[in-house]
Amino acid sequence: GEWTGTMNLTEPQCGTDLGMVRTKAVPNGDGSYSITGQKIWISAGEHDFADNIIHTVLARVEGAVPGIKGLSLFVVPKFLVNEDGSLGERNGVACAGLEHKMGIHGNATAVMAYENAKGWLIGEEGRGMNNMFVVMNEARLGTGLQGLAIGDAAYQAAVEFANDRLQGRSLTGPKNPDGPADPIMVHPDVRRMLLEAKAFVEGGRAFILWTALQADLQKAADEAVATKAKDYMGLITPVLKAYLTDKGFHVASLAMQVHGGSGYTEHFPASQYLRDARITMIYEGTNGIQALDLVGRKLPANGGRAIMSWFADIDAFVGENGDDEAIKPFVEGLADAKKKLQEATMWLMQNGMANPDNAAAASTDYLHIFGLTAYAFLWAQMAKAAQAKIAAGDADPYYANKLMTSRYFVERILPDAGAHLKKLKSGAEVLMQMPAEAF
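Quick note on the working numbering: the sequence shown kicks off at 516 and runs consecutively.
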């Protein structure tokens, strides 16, 4: 390719708190700036897969105010570009080292050193974070997809292993009488792990597709439709990033467990999936930060318009389908989950403003209740579609399998919402009362 791009935000002294950025930008007087500083954790910061690398760099213009409001965003190419579009001399940016990581070894994570590198301002001075978040939000959605994709690959590998590995006999009698043992797929606990993985993976696919639909609807000609979709994208982004990566790692862990001791070796792919999945819970904003973003910024935005609209969508679905006996368990499960999420939302409103620590302490549990409710809504819709196909005479086992997976989700996973609600309501005291030196 001609060029690839990077995001340069983090520095040794600041990760989440980007107000501490020290990289500086000095105007050159010709519309360009001289950028000096160090950035870390830069994915694909150096390579030879493309002719040029275009770095987007968060820096502070000399004399700008401290904190976030003093940050600006710059484009800094590895090679300067001539007026005719050809590549010119090397810019003052270099890879100062590569990180030795737990996983994702297919991507070079670089330390980047800028020494009077020539860069150009993107947008206005002091608007760096606003401009960067356009990219960051897309990166967070992509990270959620990455977590789901790794979990899906791990799940598929585990299914293959469970069908091939012969160990023990079924408790209800041999299922492979001509062989030395039955496939481990016959054992209930193996099926528990695989069904949990399947429910999260297939629900996650639906979550991704629903979110992609909202991204398209943001451009709808109907202003009301576009506004609603924009509200949903803002509300859902931290949930999708954090919930899918938490569960993607969980699925990768389940897949390793299905493999037994073999999964802990490099002879099978399970260990790589587990290593690769772990970073998704950390980068593009840790999942704890996503939870704080959801509770502190996304929920109250526009007076809570997005969450109230989403609750109304759920209520409409429950009202339309509550009397359908074929899908009643899924609709009732959704209604109960939505009730718990509403209860959690009210608790945050009543207790979070009085004590901000309460909101922060509740945020991760709240995000997980939200994720479970989103999945319940999606699984109920999939169950409805599958049941309609079956009722119309379609004998494809795909639809029956969807109903069985939906049932597993409602009966064995969705009850976790109650536990999260109870933990959420315990507040911050149990977390904050212990002195730091007691840890």
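Every residue, glycine too, gets a C-beta built ideally from N, C-alpha and C.
Range of the contiguous alpha helix (DSSP H) that encloses residue i
i                 : result
methionine 897    : 871–906
phenylalanine 764 : 738–774
threonine 860     : 843–866
asparagine 817    : Run containing asparagine 817: none; DSSP gives neither H nor E here.
threonine 920     : 912–923
glycine 779       : Contrary to the premise, residue 779 reads as tyrosine rather than glycine in this sequence. Counting along the chain, tyrosine 779 falls outside any alpha helix (DSSP H), and DSSP gives it neither H nor E.
asparagine 691    : It is not in any alpha helix (DSSP H) - asparagine 691 carries neither H nor E in the DSSP assignment.
methionine 947    : 944–947
phenylalanine 803 : Reading the sequence as shown, one finds glycine at residue 803 and not phenylalanine. Element bounds for glycine 803: 802–808.
alanine 785       : 785–793
Residue i - containing beta strand (DSSP E), residue span
i             : result
arginine 706  : Counting along the chain, arginine 706 falls outside any beta strand (DSSP E), though it belongs to the alpha helix (DSSP H) covering 703–732.
glutamate 604 : 602–605
glutamine 682 : It is not in any beta strand (DSSP E) - glutamine 682 carries neither H nor E in the DSSP assignment.
threonine 531 : Premise fails: threonine 531 is in no beta strand (DSSP E) and is neither H nor E.
histidine 562 : First-last for histidine 562: undefined, no H or E at that position.
glycine 520   : 518–523
Contact set for residue i: own chain, Cβ-Cβ below 7 Å, skip 5 residues either direction
i              : result
glutamate 717  : Thr920
alanine 841    : Gln902
alanine 696    : Leu681, Gln682, Gly683, Arg684
aspartate 791  : Gly618, Ile619, Ile665
methionine 897 : Ala721, Lys917, Ser921
alanine 565    : Gly516, Glu517, Trp518, Thr519
lysine 899     : Asn836, Ile842
Within 8 Å, strictly: CB atoms of residue i and residue j
i              : j                 : result
lysine 762     : glycine 666       : yes
arginine 575   : alanine 540       : yes
alanine 895    : phenylalanine 832 : yes
alanine 476    : tyrosine 923      : This structure cannot settle anything about residue 476, because the visible part of the chain is limited to 516 through 954.
alanine 932    : lysine 855        : yes
tryptophan 825 : tyrosine 881      : no
asparagine 606 : lysine 593        : yes
isoleucine 568 : leucine 533       : no
threonine 624  : glutamate 640     : no
alanine 735    : alanine 744       : yes
threonine 519  : glycine 662       : no
glycine 634    : phenylalanine 589 : yes
arginine 537   : glycine 560       : no
histidine 774  : phenylalanine 764 : no
leucine 887    : leucine 929       : yes
alanine 673    : leucine 709       : yes
alanine 572    : asparagine 652    : Before going further, note that residue 572 is valine rather than alanine in the sequence given. Not a contact, by the Cβ cut-off of 8 Å.
threonine 742  : glycine 803       : no
histidine 570  : threonine 521     : yes
isoleucine 550 : tyrosine 629      : yes
leucine 750    : valine 810        : no
alanine 953    : glutamate 799     : no
proline 703    : aspartate 679     : no
asparagine 622 : serine 558        : yes
lysine 690     : valine 705        : no
Neighbourhood of residue i by C-beta distance below 6 Å, restricted to the same chain and skipping five residues each side
i              : result
aspartate 808  : Pro753
alanine 956    : Residue 956 lies beyond the range of the chain shown here (516 to 954); nothing can be said about it.
glycine 612    : Val626
aspartate 715  : First, the residue type needs correcting, since residue 715 is phenylalanine and not aspartate in the sequence shown. Cβ within range, chain order: Lys762, Val766.
glycine 603    : Leu595, Asn597
proline 785    : The sequence given here has alanine at residue 785, not proline. Excluding positions up to five away in sequence, the list reads Ala770, Met771, His774, Gly778.
asparagine 646 : Leu588, Ile637, Gly638
Proximal residues to residue i (C-beta, below 8 Å), its chain only, five neighbours per side dropped
i              : result
leucine 660    : Ile723, Leu759
isoleucine 884 : Ala852, Lys855, Leu856, Ala859, Ala932, His935, Leu936, Leu939
glutamate 577  : Lys539, Ala540, Val541, Pro542
alanine 889    : Phe722, Ile751, Val754, Tyr758
valine 580     : Gly641
proline 527    : Gln553, Ile555
Residues sharing a beta bridge with residue i, DSSP
i              : result
serine 547     : Trp635
valine 541     : Ser549
isoleucine 928 : Looking at the DSSP assignment, isoleucine 928 forms no beta bridge with any residue, so it has no partner.
alanine 554    : Inspection of the sequence shows that residue 554 is occupied by lysine rather than by alanine. Looking at the DSSP assignment, lysine 554 forms a beta bridge with Met627.
proline 950    : Proline 950 pairs with nothing; no bridge assigned.
isoleucine 829 : DSSP output for isoleucine 829 lists no bridge partner at all.
isoleucine 568 : Thr519
Residue-level contact to chain D via CB, residue i, 8 Å cutoff
i              : result
asparagine 597 : Among the chains in the structure shown there is no chain D, since it carries only a single protein chain.
- Task: List in chain order: all unbroken beta strand (DSSP E) runs of 3+ residues lying wholly within the segment 570–631.
- Result: List check, beta strand (DSSP E) in window: 586–592, 594–596, 602–605, 608–613.
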